[in-house]
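Asker:
2 protein chains.
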Amino acid sequence: MTPSGPHPLDPLSADEIKLVIKVVTSSHQNVKFNVVSLQEPRKAVMTKWLANPSSAPRPPRVAEVTVIAPGGKVGDGLVDLRTRKIEQWKWLDGLQPIITLEELQAVEHVVRTDPKVIEQCKLSGIGEDEMHKVYCDPWTIGYDERFGSNARFQQALMYFRPHVDDCQYQYPLDFCPIYDSEKGAIVHIDIPTTRRPLRREAEINYTPDAVQRAGGYRSDIKPLEITQPEGPSFRLSGREMEWQNWKFHIGFNYREGIVLNNITYNDKGNIRDIFYRLSLVEMVVPYGNPDHPHQRKHAFDLGEYGAGYMTNSLKLGCDCKGYIRYLDAEFPTQDGQVRYIKNAICIHEEDNGLLFKHTDFRDDSTIVTRARKLIIQQIFTAANYEYAIQWIFHQDGTIQPEIKLTGILNTYSINPGEDNNGWGTEVYPGVNAHNHQHLFCMRIDANVDGPKNTVFMVDAMPSEEPVGSAANRYGNAFYAKKTKLATTGEAKTDYNGATVRTWDISNMSKIHPYSKKPASYKLVSREIPGLLPRPGSLVYKRAGFARHAVHVTKYRDDQLWPAGLHVPQTSGETDVGLPEWIGDGKESIDDEDVVLWHTFGLVHFPAPEDFPVMPVEPMTLLLRPRNFFANNPVMDVPPQRSVKPSQVSAEGPPPRL
Amino acid sequence: MTPSGPHPLDPLSADEIKLVIKVVTSSHQNVKFNVVSLQEPRKAVMTKWLANPSSAPRPPRVAEVTVIAPGGKVGDGLVDLRTRKIEQWKWLDGLQPIITLEELQAVEHVVRTDPKVIEQCKLSGIGEDEMHKVYCDPWTIGYDERFGSNARFQQALMYFRPHVDDCQYQYPLDFCPIYDSEKGAIVHIDIPTTRRPLRREAEINYTPDAVQRAGGYRSDIKPLEITQPEGPSFRLSGREMEWQNWKFHIGFNYREGIVLNNITYNDKGNIRDIFYRLSLVEMVVPYGNPDHPHQRKHAFDLGEYGAGYMTNSLKLGCDCKGYIRYLDAEFPTQDGQVRYIKNAICIHEEDNGLLFKHTDFRDDSTIVTRARKLIIQQIFTAANYEYAIQWIFHQDGTIQPEIKLTGILNTYSINPGEDNNGWGTEVYPGVNAHNHQHLFCMRIDANVDGPKNTVFMVDAMPSEEPVGSAANRYGNAFYAKKTKLATTGEAKTDYNGATVRTWDISNMSKIHPYSKKPASYKLVSREIPGLLPRPGSLVYKRAGFARHAVHVTKYRDDQLWPAGLHVPQTSGETDVGLPEWIGDGKESIDDEDVVLWHTFGLVHFPAPEDFPVMPVEPMTLLLRPRNFFANNPVMDVPPQRSVKPSQVSAEGPPPRL
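In structure tokens, the structure reads:
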């Protein structure tokens, strides 16, 4: 917050959200607010202001609004906060916006009183007096051709939970009610041909009393304390972060959660652009059981539910150590109020072990320097699962997005002795956890020494020359094969583990004085399973971004969501998002303002170790400067210890014992 | 150390080394001691003792000895420490044992006074009065067909170092003297056809005075302190470690450095075997420049120099934080004395962020549990490079070997304007850092619930059924395809990034009660570039272990070194080590006592950021329990915070702001 108002990229404040709601409701009464969020300033306007914030015109504050009107009509608009006017408005057809927490919360109450659901529960062996023990995780329906996209549906994944404190996912039920949001009613129930009645196995829980009953807590972990007596090394002004030569703005919205903007590095006084914008923009979690209706389980957690809307208040368990700073989040409620999430983002430093070390073997003269890292984190809960998203900054110019997966497996029921055909794992008696993938799409709006960048695919390759030839006599020759991705079509590229493929984002106008190679940031990513659902499958059609490890597009304002702006109930029959923008693939991305879309992730074949709650499974990738800095940029980090050869010879060699 | 003497796997003590030397010298005078190291007890004897240490016979203490007799004759023997007798002895032909630090140290002095080297230095532009500024890194010759393996050669990689405190690798010289260890003389000099005289460019250094001159240290890193006021959570008895249900023995030898033996996990009172022995057993670092004589640059750092012999005294810079325990190392010197390395191993705990978390989206009831990890670390210096080897133990049964690469690039000279043909990068004017790989071989002597194990290759695969078929209507089906590796030939397997291939080590007699899958440890490794030197190349022939990501053999005593017992100057024309043991590949490894050999690593295309000292590049892999524990084994770790649904409803929901 500066005297002239918020930073142009700051999320809408509670007051701004209230103002927008007031403006909208003055024109459109009785609407349910789905989204009220900052429309980030157009890049052309924003870059002018960034270049000269004191004299360039301040970008306008504009809010994106999505509402659902009575009857289920969806409206999208823009509200100018200065003029307090609706600048744009349109009513949509056949599109369903993101599902809000309130919509999710509504389903369970309806399910418990629906006669047909009660009937199914009875068939499963649940008494009518036990209906308060019936729970559901209401997911968007995804896409179901029987229901289409003109009305708003959720599928209720059903569970029995004998005690309110029991792990919800250990007594799955076999049927799946379909809920119509507008009607507030169950309109259909999917019932499998093989019935799987409730199995009342002994419960397994991770709550303290359950652990106590099972033998108690281990008592041999001694305290480990981390303190920063002089405070942190970072400086946060409003939402602008400065740390170890880095500077960037920390945004947050309903959909992506954390957004990092205008990332620069102070290279010996020269403020160098690296990324204009960096965030996770989409996910898809396809499940691998082909039995109907499990094909509908392929959550787009960001586009269908929102990493911001689902984010945890870390007041309730950030549990970082050391000095922690928090940022809050503010969102509209359906009924036009404001929902606060205290401590939506946590920021802290961690020691990171060795930064560099060298010992001269002649005299044991040594330099050892220790590393520090900065972590910007949010954790969101997607029904059963939790995702901890960390944006880790290193002193040497590396950015390391890291995701920690924890929470609870999505589960389905299985009969005693039933063969699950390899589509899942019985992690507990009666509990079938289906195979699934977690695929994340990271949007890298590159700005390596300026907006004009070029992307190369880089493969480690043996020389083409045969062993024994003059050019490769001993056969040891190998090199980095660089392939320029000149068009959006060429840029659709997959991972190759055998060549440890990486991708370089390069500025061809900034050639390194020594290496004669362009200033680059290298994407080093090793968990890229690709999309396992086959080409032509429902998931393949809907999740265009997941068809390749890397896509590259030319930057355009508003091209943010690779699976479309409104993701729930898209059929995938028409290209939306990334495939639509790429089209025939002929657009040049050679030395242009480019955006790289990287899809990576994990394949999860569940095991009993993951149940009833899953120990963290981490995954990580790197954006590393290569030929960007003149040389090692961290030599000026004070060493832990330095003994030069001249000191060893002056003092005698270091003692051996 | 117990009343009855050292643990059978403890390294030889200084007294034991001295005793062995005395026994050997009484039979063989004037020998240079190359190796005096514990011969680990035969597995059959050792397992009997482990099963019943109080009554089974104590395994004998036996030392492996390698000496070089006058004239260069190499002798290998075994000495029984109880009987104080040489039990075995043989003189070898055409084999060269590991190079000791003393042999490395000897070369530089000879180089500086050799007239032919002085002549080459003059041709390079170095005055005779500057010969004290000429340095060399003496590597074993690797293999050079002109010199064979009957005498003992080193190649001297030459550098000019104007000041003793200058980074040695910034003024490389273009010629390469060959040193005969026995003669103590330079016997040849390899001189390139293109000469590259010394370029006296401005120096670049990382020493404190150089940093001060370049603008000084950054001053904005605030202290971060880690304390364990009640001490560590581990208990070290002798060299036996107990921590968080883990128990194992920490060995150390000249070659592998850290060796972990008899790794078990206390699973609710049931002590379960996991690994009999775990270590890094070999490395190869092939460089990719085909110009003669760079093909000789492919160091087997463990087999040719020894991760133990080269290990750092961490007294001089372990710089771990928190409570640290150290273990020392003791090695023979050539002349029959004992060399002590104080603090060869460091042991400490670290906080590891989230262990698990779940929040119920209905009421924000939450459980958050924080993780701790245990790190057993050594750091060794291989001339220019440093390798920090960490064996990380997690509470959930995961073992995570992690290697951090730092130190300085190996460099060669380049003329102004010269094209390096893509085989390297000019990281500083005149400094050409060649492309290279770091390939590590980890030996996993598996013992998953006992010695009889079976290895499977596991690939994430889409269903073979087409989209739209009855069995895969929506195309989303996928599964874990398991391929049993039944013979040593079948087990030669490569990585497949597209199927995110893993390998399971399974006990087919221990079927999980819920999942019906065998108790397994899964090898999850994602940095597996394969060997870039082509099949038939010198490196390919010598480094048989690097031809595939995974080899599996049936356990046999003394099959420890996959590139052979004596690695220097092997030609690779005859199979030694792993390829020899595998032979025709027909041996069954199905339900046998198996050893899995995993080769993984990095490809390093240098960049100026890596010079004059390289910020750490980490790589990591996992050994994860799957279908091994009944369920999540860390539910009994005390949570940081736990609020159950019943507590939320009793207390009201947690406050929003």
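Chains as they are written, first to last, in full-length UniProt numbering: chain Z, 1 to 657; chain U, 1 to 657.
Just so it is clear, CB atoms sit at the ideal spot from N, CA and C, and this is done for glycine as well.
1. Would you say U:Pro639 and U:Thr369 are within 8 Å of each other, going by their C-beta atoms?
2. Is the beta carbon of U:Met158 sitting closer than 8 Å to the one on U:Leu280?
3. Would DSSP call U:Ser506 helix, strand or coil?
4. Looking at C-alpha atoms only, which residue of U:Asn52, U:Ala460, U:Pro172 and U:Arg61 is the closest neighbour of U:Asp15?
5. So, for Z:Trp561: in the same chain, excluding its five sequence neighbours on each side, which residues have a beta-carbon less than 7 Å away from its beta-carbon?
6. Can you pull the chain Z residues whose beta carbon is under 9 Å from the beta carbon of U:Gln337, in chain order?
7. Decide yes or no for the touch test of the stretch 591 to 610 of chain U against the stretch 550 to 559 of chain U: beta carbon pairs closer than 8 Å, at least 3 of them.
8. From residue 689 of chain Z to Z:Tyr309, what does the alpha carbon distance come to, in whole angstroms?
9. To the nearest angstrom, how far is the alpha carbon of U:Ala543 from that of U:Val67?
10. Check the C-beta distance from Z:His352 over to Z:Arg325 and give it rounded, since I have them as a contact under 8 Å.
11. Look at the alpha carbon of U:Pro655 and the alpha carbon of Z:Val431, and state the distance between them as a whole number of angstroms.
12. Which complete alpha helix (DSSP H) runs does the stretch 148 to 217 of chain Z hold, if anything under 4 residues is left out?
13. Please work out which residues of its chain come closer than 6 Å, Cβ to Cβ, to U:Thr359, disregarding the five sequence neighbours upstream and downstream, and give them in chain order.
14. Determine whether the Cβ of U:Thr406 lies closer than 8 Å to any Cβ atom of chain Z.
15. Using three-state DSSP, classify U:Met310 as helix, strand or coil.
16. Give a yes or no on whether 8 Å exceeds the smallest Cβ distance from U:Gly530 to chain Z.
17. Is U:Leu657 close to chain Z? Criterion is C-beta to C-beta, closer than 8 Å.
18. So, at 8 Å on beta carbons, what are the nonlocal neighbours of Z:Thr2 in its own chain, with the 5 sequence-adjacent residues on each side left out?
19. Can you find the residues in the same chain that come closer than 8 Å, C-beta to C-beta, to U:Tyr135, ignoring five residues on each side of it along the sequence?
20. Suppose you measure from the CA of Z:Gln597 to the CA of Z:Val550; what does that come to, to the nearest Å?
21. In angstroms with no decimal places, state the Cα-to-Cα distance between Z:Val110 and U:Phe361.
22. Under a CB-based cut-off of 8 Å, is U:Val134 close to chain Z?
23. Could you list which residues in chain U have their beta carbon closer than 8 Å to that of Z:Tyr412, in chain order?
24. Taking C-alpha atoms, which residue in U:Val467, U:Val458 and U:Ser463 lies nearest to U:Asp494?
25. So what's U:Gly353 in DSSP terms, helix, strand or just coil?
26. Taking only the alpha-carbon atoms, compute the straight-line gap between U:Arg624 and U:Lys522 and give it to the nearest angstrom.
27. Under DSSP, the alpha helix (DSSP H) around U:Ala650 begins and ends at which residues?
28. Between which two residues does the alpha helix (DSSP H) containing Z:Glu573 stretch?
29. Using a Cβ-Cβ distance under 8 Å, would Z:Asp80 count as near chain U?
30. My understanding is that U:Arg296 touches U:Gln155, with C-beta atoms under 8 Å, so please give their C-beta distance in whole angstroms.
31. Starting from the beta carbon of residue 662 of chain U, find every residue of chain Z whose beta carbon is closer than 9 Å, and list them in chain order.
32. In the structure shown, what three-state DSSP assignment does U:Thr333 receive?
33. Which ranges does the alpha helix (DSSP H) cover as unbroken runs of at least 4 residues, wholly within the stretch 237 to 291 of chain Z, from first to last along the chain?
34. In this structure, how does DSSP classify Z:Pro11 when only helix, strand and coil are distinguished?
35. Please report whether the beta-carbon of Z:Thr2 lies at a distance below 8 Å from any beta-carbon of chain U.
36. If you run the structure through DSSP and keep just helix, strand and coil, what is Z:His551?
Answerer: Taking the geometry as given:
1. In contact: U:Pro639 and U:Thr369 (Cβ atoms closer than 8 Å).
2. Not in contact: U:Met158 and U:Leu280 (Cβ atoms no closer than 8 Å).
3. Note: U:Ser506 maps to strand in three-state DSSP.
4. Ranked by Cα distance from U:Asp15, the first of U:Asn52, U:Ala460, U:Pro172 and U:Arg61 is U:Arg61.
5. These residues qualify, in order along the chain: Val281, Glu282, Gly303 and Gly577.
6. Identification of chain Z residues near U:Gln337 by a Cβ-Cβ cut-off of 9 Å yields none; the smallest Cβ-Cβ distance measures about 11 Å.
7. At 8 Å Cβ cutoff, the stretches touch.
8. What the structure shows of chain Z is the stretch from 1 to 657, and residue 689 of chain Z is not part of that stretch, so it cannot be assessed.
9. Between the C-alpha atoms of U:Ala543 and U:Val67 there is a straight-line separation of about 25 Å.
10. It should be noted that the sequence gives Asn, not His, for residue 352 of chain Z. Not quite, the Cβ-Cβ distance comes to about 19 Å (not below 8 Å), so this is no contact.
11. Confidence at U:Pro655 is low in this model, with a pLDDT of 47, below 50, so its placement is unreliable and no value can be given for it.
12. Those alpha helix (DSSP H) runs which fall completely within the stretch 148 to 217 of chain Z and span 4+ residues are 208 to 213.
13. Only residues of its own chain outside the window of five on either side were considered, and among them Thr366 have a CB closer than 6 Å to the CB of U:Thr359, listed in chain order.
14. By this cut-off, U:Thr406 is an interface position.
15. Three-state DSSP puts U:Met310 in coil, outside helix and strand.
16. When Cβ-Cβ separations below 8 Å define contact, U:Gly530 makes contact with chain Z.
17. Note on U:Leu657: pLDDT 34, under 50, position unreliable in the model; no value is reported.
18. Its pLDDT being 48, under 50, Z:Thr2 is placed unreliably in this model, and the coordinates cannot settle the point.
19. So the list reads Glu108, Met158, Tyr159, Phe160, Arg161 and Gln168, once near-sequence residues are dropped.
20. According to the sequence shown, residue 597 of chain Z is Trp rather than Gln. In a straight line, the C-alpha of Z:Trp597 is about 6 Å away from that of Z:Val550.
21. So the two alpha carbons sit approximately 17 Å from each other.
22. Interface annotation, U:Val134: not in contact with chain Z, CB-CB separation never under 8 Å.
23. From the beta-carbon of Z:Tyr412, no residue of chain U is found nearer than 8 Å; the closest lies around 14 Å away.
24. Checked all of U:Val467, U:Val458 and U:Ser463; the closest Cα to U:Asp494 is U:Val458.
25. When secondary structure is reduced to three states using DSSP, U:Gly353 falls in the strand class.
26. For U:Arg624 and U:Lys522, the distance between alpha carbons rounds to 5 Å.
27. Residues Pro645 to Glu651.
28. Counting along the chain, Z:Glu573 falls outside any alpha helix (DSSP H), and DSSP gives it neither H nor E.
29. For Z:Asp80, not one C-beta of chain U is nearer than 8 Å to its own C-beta.
30. Their Cβ separation, rounded to whole angstroms, is 6 Å, which keeps U:Arg296 and U:Gln155 in contact under 8 Å.
31. Here chain U covers residues 1 to 657 and nothing more, so residue 662 of chain U does not appear.
32. Coil, per DSSP.
33. You should have found no qualifying run.
34. The three-state secondary structure of Z:Pro11, taken from DSSP, is coil.
35. In this prediction, Z:Thr2 scores a pLDDT of 48, lower than 50, which makes its location untrustworthy; no coordinate-derived value is stated.
36. Residue state, collapsed to three classes: strand.
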